[in-house]
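In what follows, a structure is listed as structure tokens, so that the remarks can point back to it.
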Amino acid sequence: MERTQIISWLTQKEATELNKLWTIADTVRRDNVGDEIHLRGLIEFSNICSRQCLYCGINAANSKIQRYQMSKDEIAECAQIAKELGYGTVVLQSGENRRLDVKFLAETVSEIKSKTGLAVTLSVGEWDADTYKLWKDAGADRFLLRFETSNDELYRKLHPDSKKGVEERFDTLRLLKNIGYEIGSGVMIGLPGQKYETLADDLLKFKELDLDMIGVGPYIPHQETRLGANIREFTLDGESQVPASEEMTYKVCALARILCPKTNIPATTALATINREQGRELGLCRGANIIMPNVTPVKYRQMYEIYPGKACIYETAQACNACITGRIESIGRTIGKGKGTSPKFAAKRGL
Ligand code: 5AD
Ligand code: FES
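The opening residue of the sequence shown carries number 870 in our numbering; numbering runs sequentially from there.
Encoded structure:
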């Protein structure tokens, strides 16, 4: 698909035309990744962060939140629960804590691998090659690192502590791929300052980076952040600003599916947050094939407030599992078995 066609879908307002887009995306999804929905147990193991990202509620400058770091045993216990619930993967996510004991994380990964055999995905930010290799050798399989926006000027505004801009993110993603990780990335939709052209470039970048996983969600303003507190100042005039809407999120899910047919695409928590009733189901019918149910202990969940009103703050792992199972059944899809390796990655490795 050409850039101009992507832009024309992104700006399309006619319901009948959009219905065509949803149908194409759903067909491409079924033909390429099937009807199974793979579940990934999300463990938000620490909210300690050294970075200053303007959009994120757990950024280092937010002194209003209490910081936590789960112990190895607590994390392993969550992984055990994920296994008992039948999930094939756990995702270990945290802020980018420069003082993180990288060996602690390696030991945690290796303990989870030996005790549960689950696939392990890391989502812990930017580190050097040796650290990424250490975790890979410990057994980590996949790595999630969103590039957030492909527009360098906007990227630098939103990440004042980034030295080399967005190219650094792209380099890091390529590095992770070379080390042997399945790689995932993504962007926020409706970031103040985001134009349709930028969003089209984001989508083309997904394809160019040859991603195994693509996670996209609406930007949700957080008052305790520089962006959330000064949103007007960052917002573009008139029609040029992409809205952080539910519909725009579906458009991006659908276009990502069409551009990258064999990629794993989650219906994200941010999408579920802006439409609690149906966000996940609609995402799954418009390109997505993955859900990441939260398995973090409830006592930590409200402290991992990257944006306000986040779905699943009070539910236990068991409650989220029951909720998600019901939602999947309601749309006539099935729960995937096994690790749910991206079909693209599996084909390349001869798996
Ligand atoms: N609204 C929506 N998504 C956010 N993220 C961070 N802050 C926000 C926000 N305010 C997303 C980023 C990050 C992921 C873990 O959460 O894309 O990569
Ligand atoms: Fe957590 Fe529905 S998935 S409550």
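From the three backbone atoms N, C-alpha and C, an ideal C-beta is built for every residue, glycine too.
Exercise. At a cut-off of 7 Å, is residue 1192 close to the ligand FES when judged by its beta-carbon and the heavy atoms of the ligand?
Worked result: yes
For this session: Enumerate in chain order the residues of its own chain whose CB-to-CB distance from residue 1056 is below 7 Å, with the five nearest sequence positions on each side excluded.
Result: 1015, 1016, 1017, 1018, 1071, 1085
For this session: Excluding the 5 residues preceding and the 5 following residue 1087 in the sequence, name in chain order all residues of the same chain whose CB lies nearer than 6 Å to its CB.
Result: 1058, 1059, 1113, 1118, 1139, 1143
Exercise. Using the C-alpha atoms, what's the distance from residue 1124 back to residue 889?
Worked result: 12 Å
Problem set entry | Alpha-carbon to alpha-carbon, residue 1215 and residue 1180 | 32 Å
Exercise. Can you check whether the CB of residue 945 is closer than 8 Å to the CB of residue 987?
Worked result: no
For this session: Take the Cβ of residue 932 as the centre, count every other Cβ of all protein chains shown within 10 Å, and call the residue buried at 16 or more, exposed below.
Result: exposed
Problem set entry | residue 1130 versus residue 1150: straight-line alpha-carbon distance, rounded | 19 Å
Problem set entry | From 1110, 1047, 1020, residue whose alpha carbon lies closest to that of residue 1079 | 1047
Exercise. Would you say residue 1181 touches the ligand 5AD, meaning its beta carbon is less than 7 Å from a heavy atom?
Worked result: no
For this session: With DSSP as the reference, label residue 1121 as helix, strand or coil.
Result: helix
Exercise. Considering only residues of the segment 1007-1038, which uninterrupted beta strand (DSSP E) runs meet the minimum length of 3 residues and lie entirely inside it, listed in chain order?
Worked result: 1011-1013
Exercise. Counting along the chain, where does the alpha helix (DSSP H) carrying residue 1097 start and finish?
Worked result: 1095-1098
Exercise. Where does residue 880 fall in DSSP's three states?
Worked result: coil
Exercise. Closer than 8 Å, CB to CB, is residue 942 near chain B or not?
Worked result: Here chain B cannot be found, since the structure has a single protein chain.
Exercise. Considering only residues of the same chain and omitting the five flanking positions on each side of residue 1135, which have a CB-CB separation below 7 Å?
Worked result: 1084, 1157, 1159, 1160, 1161
Exercise. Excluding five sequence neighbours on each side, which residues of the same chain lie with their C-beta closer than 8 Å to the C-beta of residue 1104?
Worked result: 1061, 1062, 1110
Problem set entry | Burial state of residue 962 (16 or more Cβ within 10 Å) | buried
Problem set entry | beta strand (DSSP E) segment containing residue 915, residue limits | 905-915
Exercise. Any idea which residues DSSP pairs residue 1051 with across the strands?
Worked result: 1011
Exercise. In or out: residue 1051 buried (at least 16 other Cβ within 10 Å) or exposed?
Worked result: buried
Exercise. Within this structure, are the beta carbons of residue 992 and residue 960 separated by less than 8 Å?
Worked result: yes
For this session: Taking 6 Å as the limit, tell me which residues put their C-beta closer than that to any heavy atom of the ligand 5AD, in chain order.
Result: 924, 925, 1015, 1017, 1057, 1086, 1088, 1089, 1091, 1139, 1175, 1176
For this session: Could you please give me the residues that DSSP links to residue 822 through a beta bridge?
Result: Outside the shown range of the chain (870 to 1220) lies residue 822, about which nothing can therefore be said.
Problem set entry | Other residues of its chain near residue 879: CB distance less than 7 Å, five sequence neighbours each side excluded | 1065, 1068, 1069, 1120
Exercise. Would a C-beta distance cut-off of 8 Å place residue 965 and residue 926 closer than the cut-off?
Worked result: no
For this session: Would you mind working out which of 1073, 982, 1096, 1184 sits nearest residue 873, comparing C-alpha positions?
Result: 1073
Problem set entry | Within 8 Å, strictly: CB atoms of residue 1164 and residue 894 | no
Exercise. Could you check where the beta strand (DSSP E) with residue 990 kicks off and where it finishes?
Worked result: 988-992
Problem set entry | residue 960, enclosing beta strand (DSSP E) - first and last residue | 958-963
For this session: Select from 1175, 1146, 1077, 1040 the residue whose C-alpha is nearest the C-alpha of residue 1097.
Result: 1175
Exercise. Under 8 Å, do residue 920 and residue 928 count as touching if we go by C-beta distance?
Worked result: yes
For this session: Flag residue 1188 as yes when its Cβ comes closer than 7 Å to any non-hydrogen atom of the ligand FES, and as no otherwise.
Result: yes
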